[in-house]
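Input: a single structure, listed below in structure tokens.
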Amino acid sequence: MPSPPSATSVRFLGTGRLPLAAVAVCSALAALAAVALPAALGIAVDQLISEGRIPWSALLLCAGLTVAEVLLDALVALLGGTTTAALTARLRTLLLDRVVRTEPRRGGAVPPGDLTTRLTANAADAAAVPVTAATAVAGVLLPLGGIVGLFLIDPWTGLALLVGAPSFVLLLRTLIRRTADAAADYQREQALIATRLTEALDGAATLRAAHTATREHARITEPLTALAAHGRRTWQIHGSAAGTSAVLLPLLSVLVLAVAGLRLAAGAISVGDLLAVSRYAVLAIGLGSLTGALGAIARGRSAAARLEPLLTLPPVPHLARTLPAEGPGTVELRDIDVVEDGKHLLRGVNFTVPGGTSLAVVGRSGSGKSLVAAVAGRLMDPDGGTVSLDGVPLDTVDPVLLRHEVGYAFARPTLWGETVEDTIAAGAVRPTDTGIRTAARAASADGFIRLLPLGYRTPLDQAPLSGGERQRLGLARAFAHAGRLLILDDATSSLDTVTERQVQQALARYTGRSTRIVVAHRISSAVQADRVLWMDDGEVRAVGRHTDLWADPDYRQVFHYTPAPPTAPPPPTDGPSGRLTGGLTDPGALEAAAAPVPVSANHRPTEDPAQPAPPHQRRRSGPEAP
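And the structure:
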């Protein structure tokens, strides 16, 4: 059985006290009107029999109680629906706020599919609990009022009803426990299906290329068997409870009426009392109508237990310090440790990036490059050590100012906003239209944007984008919001060589104005950087210039570079002029060989063994830096 939600969940689910109080009051008043109506009917019948005339006052009272009950029930339905919708929206907003405000590694611990299920189905079930509880508490007044009415009319009729009370209480208790267990199991399987479906949608192109769609369909739908079993179990529980109630409650009603008939024959009660007893018996056995509400509350408790880990996600703490107005953007990391599940992902990381310079972070996969980038811009806090920007610890900087001064670009940027222009402008402060277009040109995105149907105002859902184009929009967004620190986490991995070179030239224009930290997988990024941070298994292996580090074979292996075996030079031959060719005596030949080969946008050079390869395609025969 799931544990009950903590005080945090209850407090958040209990927001909107005034509407909930109105629902509870209206429900209670409707219940009181329903309880008073049998007594008024009994009085009207007795007056009609004893006085032989129409008891208009009693009939008007009955009509008033009936109208009041109908109007109050309608008001409960209206207030209950609007309050539940408002609570659902508030709860979903709160959950999203907690996920966004916490560290990415904490928010990302829940798979996207599972998170979607919690934000939709589970949030709706949990948000319905307050209104359901308010109406259920008021609904208890009906059977309690019926029992009290029976005892007031004649104690024997009340005792007859209480004969079956223990079995009915046991039925309700069993229903709540079994429903909660079945609901928790159902929600887990539902989240598993959603997670697998999200994974498949993300890799749809790969599935199509590998012809594994059928196998993936089987993997996604595999939990359906268990899901169906849990669903059937839930309905079997409700069906069993409803069937038992359908047998037990009418028997109790018949028993009460039989006792009331005997008491009428004995002269202990009147005909009006008998009518009131018949109505109160119906109200008393109406306790069975609570089974649906109790089942909904049990499901809501299970849903709230699944939402609790999200509601308790700690937000990243902030203070309100400012940064030096003329700071160059010097970044300093001291004794940085990041630990997850007892394993050090970063250990004792120390380095400084002087303001206005660039640093390439390189290393094998899993060495901690992206963690360094996340810590440097405070997308996450380290478990030990300090990070400062221009001498100010990042955890003390005002969050709005920090996001204004630190720009990010990622390998797989998330694009949001209504138009292409909106996705570039998204940030702490919206740049001008000129700034947006300048940033797009710097990221080599202006060309393809202008080819879209509406240019910069093209809706995102009408703009088919390749992986490289998405990266260029992410880079444009980073350039549009470039402050004193710009961090690129593998943000050029999907770009072709020519476009990457253009982006590197754009980055170079930020020299002296912004500090750049680039998580690099290509040699070209390391070559262009002022210094290179070489990460190895969560620790700093070395810091230096690329040309200095290139002498280390382990460093070259980071880029999967393998030197070619040395080969003998070709023998010199006599040229037309009688001079030796093929050697190194002709400076013109050297200059021609070193000259870059022009490459057009629509032409890819082919290999020609008779021609010297371009510098970026040559296979190096030694450890010289590229």
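Under numbering that gives the first Met the number 0, the residues of the sequence shown are numbered 0 to 625, in order.
Backbone N, C-alpha and C define an ideal beta-carbon position, used for all residues, glycine too.
So which of 222, 123 and 234 has the shortest CA-CA distance to residue 177?
234
With a threshold of 8 Å, are at least 3 pairs of Cβ atoms found where one atom belongs to the stretch 229 to 247 and the other to the stretch 142 to 162?
no
Opening and closing residue of the beta strand (DSSP E) in which residue 343 lies
342 to 352
Within 8 Å, strictly: CB atoms of residue 361 and residue 525
Taking C-beta atoms as the reference points, residue 361 and residue 525 count as a pair closer than 8 Å.
Following a CB-centred definition, is residue 168 positioned closer than 7 Å to any heavy atom of the ligand GTP?
Ligands in the displayed structure: none, and consequently the ligand GTP is not present.
Using the three-state DSSP reduction, which class does residue 387 fall into: helix, strand or coil?
strand
Could I get the ranges of all uninterrupted beta strand (DSSP E) runs contained in the stretch 179 to 261, with 3 residues as the minimum, in chain order?
none
For residue 527, count the other beta carbons within 10 Å of its own beta carbon; 16 or more makes it buried, fewer makes it exposed. Which is it?
buried
From 29, 102 and 124, pick the residue whose C-alpha is nearest to that of residue 378; which is it?
Per the Cα distances, 102.
Alpha carbon to alpha carbon, how far is residue 37 from residue 81?
Taking the straight line from one Cα to the other gives about 32 Å.
Rounded to whole angstroms, what's the CA-CA distance from residue 41 to residue 73? Just pull it up for me.
26 Å
Among the residues of its own chain, which have a CB less than 6 Å from the CB of residue 68, if the five just before and after it don't count?
So the list reads 29, 32 and 33, once near-sequence residues are dropped.
Do you know offhand how far residue 253's Cα is from residue 132's?
30 Å
Note down, in chain order, each residue of its chain lying with its Cβ closer than 8 Å to the Cβ of residue 18, except the 5 sequence neighbours on either side.
For residue 18, where only same-chain residues beyond five positions count, the Cβ hits under 8 Å are 78, 81, 82 and 85.
Does the separation of the CB atoms of residue 192 and residue 283 fall below 8 Å?
no
Whose CA, out of 427, 183, 442 and 197, lies closest to the CA of residue 299?
With respect to the C-alpha of residue 299, the residue from 427, 183, 442 and 197 having the closest C-alpha is 183.
Within 10 Å of its beta-carbon, does residue 376 have 16 or more other beta-carbons around it, so buried, or fewer, so exposed?
buried
Run through DSSP, which three-state label would residue 154 get?
helix
Below 8 Å between beta carbons: does that hold for residue 297 and residue 175?
yes
Quick one: using the 10 Å Cβ neighbour count with 16 as the cut-off for buried, is residue 88 buried or exposed?
exposed
Hey, residue 332 and residue 405 are a contact pair by Cβ (cut 8 Å); roughly how many whole angstroms apart?
About 14 Å separates the two Cβ atoms, so there is no contact after all.
Going along the chain, which residues of its own chain have a beta-carbon closer than 7 Å to the beta-carbon of residue 518, five neighbours each way excluded?
Taken in chain order, the residues that qualify are 360, 368, 369, 372, 487, 488 and 489.
To the nearest angstrom, report how far apart residue 261 and residue 289 are at their CA atoms.
31 Å
Put residue 633 into one of helix, strand or coil per three-state DSSP.
Residue 633 falls outside the range modelled here, since the chain spans only 0 to 625, and no answer is possible.
Rounded straight-line distance, which links the Cα of residue 291 to that of residue 26:
17 Å
Nonlocal neighbours in the same chain, by C-beta distance under 6 Å from residue 222, ignoring five residues either side
188, 191 and 192
The stretch 470 to 477 in contact with the stretch 406 to 413 per 3-pair CB rule at 8 Å
yes
Residues bridged to residue 514 (per DSSP)
484
Taking residue 436 as part of the alpha helix (DSSP H), name the residues at either end of that continuous run.
432 to 441
Less than 8 Å between the beta carbons of residue 226 and residue 185, yes or no?
yes
Looking only at C-alpha atoms, which of 520, 329, 346 and 301 sits nearest to residue 124?
301
The beta strand (DSSP E) spanning residue 335 covers which residue range?
Residues 330 to 339.
Do residue 402 and residue 427 have their C-beta atoms within less than 8 Å of each other?
For residue 402 and residue 427, yes; Cβs fall inside 8 Å.
Rounded straight-line distance, which links the Cα of residue 237 to that of residue 139
20 Å
Could you check if residue 533 is buried or exposed, using at least 16 other CB atoms within 10 Å of its CB as the buried criterion?
buried
Residue burial classification, residue 545 (beta-carbon count within 10 angstroms, cutoff 16):
buried
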